[in-house]
Each structure stands twice: as C-alpha cells, then as structure tokens.
Amino acid sequence: MNIPAELKYTKDHEWVKIDGDVATVGITDFAQGELGDIVYVEVETLDETLDKEEVFGTVEAVKTVSDLFLPLSGEIIEFNEALEDEPEKVNSDPYGEGWMIKIKINDTTEVDDLMSDEDYKALIGA
1 MNIPAELKYT KDHEWVKIDG DVATVGITDF AQGELGDIVY VEVETLDETL DKEEVFGTVE
61 AVKTVSDLFL PLSGEIIEFN EALEDEPEKV NSDPYGEGWM IKIKINDTTE VDDLMSDEDY
121 KALIGA
C-alpha cells in the first residue's frame with residue numbers, strides 16, 4: 001500500500017499536500033481500494049469557504065457513495081475537472097492525477113492536527 005511520507009492524513013482517509021497556504025486534497029490509496037471502482041466525483045462547493053470536517057463533496061463507487069470531509073478550514077479554490085471525465089484516476093493515481101480539490105487554508109495551525117504517514121499506517125493497520 002502506498003502511503004507517501006511527505007503528505008499529511010486524516011482519520012477520514014483523505015491526504016493533504018501543503019504548499020504555503022494552499023492544500024491539495026484527495027483520498028488515500030487505502031480509501032480508493034476500500035471503495036472499489038470509482039465512477040463519479042462530485043464537488044459542488046467550489047469557491048465556498050467551509051470549516052474543517054464539513055462535507056465538501058461525494059465520491060461514488062460501483063457499490064457505495066461516500067462523503068468527502070474537508071481536512072482544513074478554508075476556501076475551495078480549485079476542483080480537478082479531469083475527474084469529471086475520468087473519475088477512475090482516483091483509483092489509478094490517488095496521489096497524483098487523482099487529486100480532488102485545492103483549498104486556500106484559513107488557519108495553518110490546523111495542519112498540526114493532521115496525521116503523519118506513520119500515524120495513518122497505525123490507523124489502518126498497515
């Protein structure tokens with residue numbers, strides 16, 4: 001299982017890449033594996049400011065639909081539009097072309113509450 005050391009993680013199986021005050025967010029390799037074949041990603045919160053742990057969208061797999069939770073408070077400034085035509089990128093490249101949103105972070109101290117790769121591995125028993 002791929003759990004890159006340079007990323008941060010949430011208990012809800014999102015990964016976060018921090019670049020200054022912008023965070024790129026997607027779901028982890030573990031999460032996409034649990035969901036199975038992803039057929040649709042919906043994010044209707046573009047340009048909205050949400051609080052940490054609010055639902056920012058959903059991911060639909062063949063057998064289930066799961067909410068996506070915001071890992072940090074901030075404004076959703078970008079959605080990966082490639083996922084509209086190719087949602088399977090979340091399965092094939094969850095940490096690369098399968099990213100979902102970018103957030104302008106409101107409170108960078110919230111980053112300290114995210115999990116390290118080692119903490120996340122412990123959470124999922126990897």
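Going by UniProt numbering, 100 is the number at position 100 of the sequence shown; the sequence numbering is gapless.
Positions of the beta carbon are idealized from the N, C-alpha and C atoms, including for glycine.
If you check the CB distance, T58 and E34 do not come in under 7 Å. Looking at the DSSP output, L46 bridges to nothing. Look at the beta carbons and you see the stretch 86-94 not touching the stretch 117-126: under three pairs across the two are nearer than 8 Å. The C-alpha of S66 lies about 25 Å from the C-alpha of A5. About 18 Å separates the beta carbons of G74 and I27, which is beyond the 8 Å limit, so they are not a contact pair. For G33, the enclosing alpha helix (DSSP H) has its first and last residue at D29 to L35.
The way I'd put it, the stretch 101-117 does touch the stretch 6-13; three or more beta-carbon pairs between them come closer than 8 Å. In the three-state DSSP reduction, T64 falls in the coil class, being neither helix nor strand.
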